[in-house]
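Same order as they appear, the protein sequences are chains X, B, Z and A. Read in order, the letters of the first sequence are residues 26 to 262 in the numbering used here. Read in order, the letters of the second sequence are residues 26 to 262 in the numbering used here. Read in order, the letters of the third sequence are residues 26 to 262 in the numbering used here. Read in order, the letters of the fourth sequence are residues 26 to 262 in the numbering used here. All residues carry an ideal CB built from backbone N, CA and C; glycine is no exception. A short write-up of the structure that comes next.
4 protein chains.
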Amino acid sequence: MTLKSKIKPIIEDNTEKSGKWFDLVIQFFIVLSLLAFSIETLPDISVRLNNFLDNFELFTIVIFTIEYILRLWVSEKKLKFIFSFYALIDLFAILPFYLSFGIDLRSIRVFRLIRLFRVFKMLRFNRAIQNFGCALKSIKEELILYFILSSFLIFLSSIGIYYFENPAQPEIFKSIFHSMWWAIATLTTVGYGDIYPITAGGKIFTSLILLIGLGVVAVPTGLIASALSKTKDNKDN
Amino acid sequence: MTLKSKIKPIIEDNTEKSGKWFDLVIQFFIVLSLLAFSIETLPDISVRLNNFLDNFELFTIVIFTIEYILRLWVSEKKLKFIFSFYALIDLFAILPFYLSFGIDLRSIRVFRLIRLFRVFKMLRFNRAIQNFGCALKSIKEELILYFILSSFLIFLSSIGIYYFENPAQPEIFKSIFHSMWWAIATLTTVGYGDIYPITAGGKIFTSLILLIGLGVVAVPTGLIASALSKTKDNKDN
Amino acid sequence: MTLKSKIKPIIEDNTEKSGKWFDLVIQFFIVLSLLAFSIETLPDISVRLNNFLDNFELFTIVIFTIEYILRLWVSEKKLKFIFSFYALIDLFAILPFYLSFGIDLRSIRVFRLIRLFRVFKMLRFNRAIQNFGCALKSIKEELILYFILSSFLIFLSSIGIYYFENPAQPEIFKSIFHSMWWAIATLTTVGYGDIYPITAGGKIFTSLILLIGLGVVAVPTGLIASALSKTKDNKDN
Amino acid sequence: MTLKSKIKPIIEDNTEKSGKWFDLVIQFFIVLSLLAFSIETLPDISVRLNNFLDNFELFTIVIFTIEYILRLWVSEKKLKFIFSFYALIDLFAILPFYLSFGIDLRSIRVFRLIRLFRVFKMLRFNRAIQNFGCALKSIKEELILYFILSSFLIFLSSIGIYYFENPAQPEIFKSIFHSMWWAIATLTTVGYGDIYPITAGGKIFTSLILLIGLGVVAVPTGLIASALSKTKDNKDN
Chain X
26 MTLKSKIKPI IEDNTEKSGK WFDLVIQFFI VLSLLAFSIE TLPDISVRLN NFLDNFELFT
86 IVIFTIEYIL RLWVSEKKLK FIFSFYALID LFAILPFYLS FGIDLRSIRV FRLIRLFRVF
146 KMLRFNRAIQ NFGCALKSIK EELILYFILS SFLIFLSSIG IYYFENPAQP EIFKSIFHSM
206 WWAIATLTTV GYGDIYPITA GGKIFTSLIL LIGLGVVAVP TGLIASALSK TKDNKDN
Chain B
26 MTLKSKIKPI IEDNTEKSGK WFDLVIQFFI VLSLLAFSIE TLPDISVRLN NFLDNFELFT
86 IVIFTIEYIL RLWVSEKKLK FIFSFYALID LFAILPFYLS FGIDLRSIRV FRLIRLFRVF
146 KMLRFNRAIQ NFGCALKSIK EELILYFILS SFLIFLSSIG IYYFENPAQP EIFKSIFHSM
206 WWAIATLTTV GYGDIYPITA GGKIFTSLIL LIGLGVVAVP TGLIASALSK TKDNKDN
Chain Z
26 MTLKSKIKPI IEDNTEKSGK WFDLVIQFFI VLSLLAFSIE TLPDISVRLN NFLDNFELFT
86 IVIFTIEYIL RLWVSEKKLK FIFSFYALID LFAILPFYLS FGIDLRSIRV FRLIRLFRVF
146 KMLRFNRAIQ NFGCALKSIK EELILYFILS SFLIFLSSIG IYYFENPAQP EIFKSIFHSM
206 WWAIATLTTV GYGDIYPITA GGKIFTSLIL LIGLGVVAVP TGLIASALSK TKDNKDN
Chain A
26 MTLKSKIKPI IEDNTEKSGK WFDLVIQFFI VLSLLAFSIE TLPDISVRLN NFLDNFELFT
86 IVIFTIEYIL RLWVSEKKLK FIFSFYALID LFAILPFYLS FGIDLRSIRV FRLIRLFRVF
146 KMLRFNRAIQ NFGCALKSIK EELILYFILS SFLIFLSSIG IYYFENPAQP EIFKSIFHSM
206 WWAIATLTTV GYGDIYPITA GGKIFTSLIL LIGLGVVAVP TGLIASALSK TKDNKDN
């Protein structure tokens, strides 16, 4: 039995204990490197901390490089592996460092987090994800219809508010695209307060749009609720 | 077989391949002309882009005019066609251009988007729309009741907050109509921040209204969810 | 057959045509008088409009007085009528005018709107209201539990944010009562923007509270949805 | 029969009338002491009120001390009682006063409110709490999955908005941690207005994130709704 055949199950299989540990260690370093990446964006960190983060960055790159080489080594079809979705993400996460580009592409590493979903296979989350998938699949057509209706409502709202508010606030409701930003912030009920109607007509129009908009927001909730309920019932029976 | 009988199915029928393509081309130009219309509202576009958009406008008007004439030509009952809902929208979308009114009525073209719903017939969306229709129909009475209750709550909130806030903020809570704008922005949880209570009484009143208001917002969600769930079950069985 | 026995069904019964019309006329004047009341709060109305509204006010008072006297006259048990809920509201709606109090109590008239619910008896809304009543009744215990949990969460949030934000913003997070206003505006996701955390601790605390809070907001929606769904099913079967 | 055996059921058992009264009196003082604690945080209270509140504080401490001693006295396993969850909270609520620490730890008393849940045993709330517990338990895996998905979405949004807005607003979108505060305030639709995108890219990114985010918010609502509905049905049948 070669070394390769010993290492292969540890890296590729996550049902065995050693494979689980390998996955957990890699995921732990992904989370740590993301945290380091976030801390580095803080504007007033000391030189010492910055140096430590740079060294830690180097350390994680080494680990991720070793991981990538190991995965490549144990894979049977090398070419198929290199162009697989996860392998490309892994490559993009380490490549920028070696190419010494001036641009900071480390944020791509976040896509490595997609790997965290593999964790679910280890745990007993299979059923939960399957239910989700089934539920969303069973209402696919309704969700598409909902997105078309929402886009329609947002576009109509933008045109409407533009005609009411542009003459009164030409600097804020500059164009229909600026009005779209208002429409989305309003219909999702975020309401930052950076853009809002001040004319009587604009306020009445907003009120009407909001009363309809609340119904629109209620639709996906209702859809997902009923789909999940039904999927769970089917699974349990 | 005349030319008319050849063109008729292409224009009126969208179950055949040629009819589908005719519909898609028209819808494509509707979306493009709406986009052009939105871009033209941008305050700082170059003269060159403006000229291009004006020419494109002319081009779409020509296409929509040809479409209208073709539809009129192939229709059996001319008068009935002219006064049909869609034909009137089509007419209003091109008429302003020919009348050279100073007023920009091109926004009416947005109603042509209603035609986009015909697309659903081509795709397999029938069931989704039917379910929606059935669900909304089955809770028609409840939705009317909900709108009456909401109006009642908004009006009561407006009067209440007017008494609490008008003495403290006479410029903001000017009248009950101004308070209604507050009531809608608050009960829909948008909360722009342009109008809010500052007195202790007004804040306590707002808190109570919000706790009840959240329940009111929950009602249509619950109604639509239960209606959709039931309609889907009935259809599937 | 006396005049009283002729008028009695018109006033007290709303299943007959004449009774329906009497109810609709009264309700029409209630809505009109409320509208007049709202318009009078506008700060810059002309003297002429003000005079008209004063006269209209006099006119509605006369109508509501006649209605009250008629109801009293046709009622069999006079004393029981006078102290009935609706009669007291009717009295409070006209009394202030006759007593010529300086205080404006006309807003009490809004409670006459409760009468609008009688309309539902005429229409076929019975089933909708009954379903609502049944649904809310069947989840009474859950709703009480939810209100206790919400109050608990709001109080805890207020104490928490007070400790985080009071030292940094002593003028805004003045006391736990001021923090409560923040807690309600935040957990209902209104977020006016008049009061929000600025410290790192306060922001982290708010984030945690919001993630829990969203679940709390989801509870009544879920409760009412499931209750309505079940009640409707029971009724339909 | 000793005094101890007489007092024991009053303190430990709340199914008998005397035990219910004992519980209610203690809970009444908890609520009062919390109210006093809240009032004391008001910045401009008179010296007289402050003195009264200090005396009331002393009074409640005495009552809670007597309660603690009584509970300790009647408990069979003293050591087990002292280290029980509720006894530790009771102790922490009175200890700071006796230790005369400068730090105000009276807020710990809020945890005594947990005792209010004992009240539910007296009332007929058992079923409501049990349903809640069962419902949450049956969707435990889905809720965990939802929290992972939410964290993932919040982190990705933070990184995205940081790249769009940091160059334009370096003082507001200072770091990824500051962006996280934005992500949470936005995805929960609170939208205080203290931090929001101003660049075109940031606004388009926010719009996309919000459309996905609304779906994420809909998930727990749907989950809890379907779980509650199913649990209730199972219980009732």
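Item	Value
Would you kindly report the start and end of the unbroken alpha helix (DSSP H) that includes S43 (chain X)?	42-65
Using a Cβ-Cβ cut-off of 7 Å (strictly less than) and excluding sequence neighbours within five positions of G227 (chain Z), which residues of its own chain qualify?	I186, F189, E190
Can you grab the Cα-Cα spacing for the pair L57 (chain X) / W46 (chain X), in whole Å?	16 Å
Between which two residues does the alpha helix (DSSP H) harbouring D79 (chain B) extend?	72-99
At 8 Å on the CB atoms, spell out the chain A contacts of W207 (chain X), in chain order.	Under the 8 Å cutoff, chain A gives no residues; its nearest Cβ is about 10 Å from W207 (chain X).
Helix, strand or coil for I223 (chain X), going by three-state DSSP, please let me know.	coil
Run the CB neighbour count on G127 (chain X), radius 10 Å, all protein chains shown included, and call it buried at 16 or more, exposed below.	Residue confidence is low: G127 (chain X) scores 49 on pLDDT, short of 50, so the model does not pin down where it sits. No coordinate-derived value is stated.
Checking contacts by CB at 8 Å: is L253 (chain B) closer than that to chain Z?	no
Distance check for I36 (chain A) and I107 (chain A), CA to CA, integer angstroms please.	16 Å
For V215 (chain B), which residues in chain X fall below 7 Å Cβ to Cβ?	T211, T214, G216, L235
Hey, is T231 (chain X)'s beta-carbon within less than 8 Å of any beta-carbon in chain A?	no
Taking 8 Å as the CB-CB cut-off, is T246 (chain Z) touching chain B?	yes
Give me the subset of the region 55-69 of chain X whose CB atoms are less than 7 Å from a CB atom of chain A, sorted by chain position.	S63, T66, L67, P68
Confirm, please, whether the CB-CB distance from T66 (chain X) to V215 (chain B) is below 8 Å.	no
Taking buried to mean at least 16 other C-beta atoms within 10 Å of its own C-beta, is P195 (chain B) buried or exposed?	exposed
Can you give the Cα-Cα distance for P68 (chain Z) and F202 (chain B), rounded to whole angstroms?	11 Å
To the nearest angstrom, report how far apart S30 (chain B) and V99 (chain B) are at their CA atoms.	8 Å
How far does the alpha helix (DSSP H) with T175 (chain X) in it reach, from first residue to last?	In the sequence as displayed, the identity of residue 175 (chain X) is Ser instead of Thr. From DSSP, the alpha helix (DSSP H) with S175 (chain X) extends over 165-190.
Applying a beta-carbon distance threshold of less than 9 Å, which residues of chain A neighbour F202 (chain Z)?	S63, I64, T66, L67
For Y221 (chain A), which residues from the same chain have a beta carbon less than 6 Å from its beta carbon, with the 5 sequence-adjacent residues on both sides left out?	none
Scan the region 187-201 of chain X for residues whose Cβ lies nearer than 8 Å to a Cβ of chain B and list them as they occur along the chain.	Y187, Y188, N191, P195, K199, S200, I201
Is the CB of L161 (chain X) under 8 Å away from at least one CB in chain B?	no
According to the Cβ coordinates, are S232 (chain Z) and I209 (chain A) closer than 8 Å?	yes
For my contact list, I61 (chain Z) and F89 (chain Z) are in at a C-beta cut-off of 8 Å; report their separation, rounded to the angstrom.	As written in the sequence, residue 61 (chain Z) is Ala, which differs from the Ile given in the question. Not quite, the Cβ-Cβ distance comes to about 13 Å (not below 8 Å), so this is no contact.
Taking Cβ positions only, does I249 (chain B) come closer than 8 Å to chain X?	yes
With a threshold of 6 Å on Cβ separation, who are the neighbours of I197 (chain Z) within its own chain once the five nearest residues in sequence on each side are excluded?	I220
Should G240 (chain X) be flagged as near chain B, meaning a C-beta pair shorter than 8 Å?	yes
Could you have a look at S200 (chain B) and say whether DSSP puts it in helix, strand or coil?	coil
Buried or exposed for P192 (chain B), please, with buried defined as at least 16 other CB atoms from any protein chain shown within 10 angstroms of its CB.	exposed
Check whether the Cβ of D79 (chain B) lies closer than 8 Å to any Cβ atom in chain X.	no
Given a cut-off of 8 Å, decide if T246 (chain X) and N156 (chain X) are closer than it, judged by their beta-carbon atoms.	no
For a test of the three-state rule: what should DSSP assign to F108 (chain Z), helix, strand or coil?	coil
Looking at L174 (chain Z): is its Cβ nearer than 8 Å to the Cβ of L253 (chain A)?	no
Report all residues from its chain with a CB closer than 6 Å to the CB of F54 (chain Z); omit the five preceding and five following residues, and keep chain order.	T85, I88
Hey, is Y123 (chain A)'s beta-carbon within less than 8 Å of any beta-carbon in chain X?	no
With DSSP collapsed to three states, give me the class of G158 (chain Z).	helix
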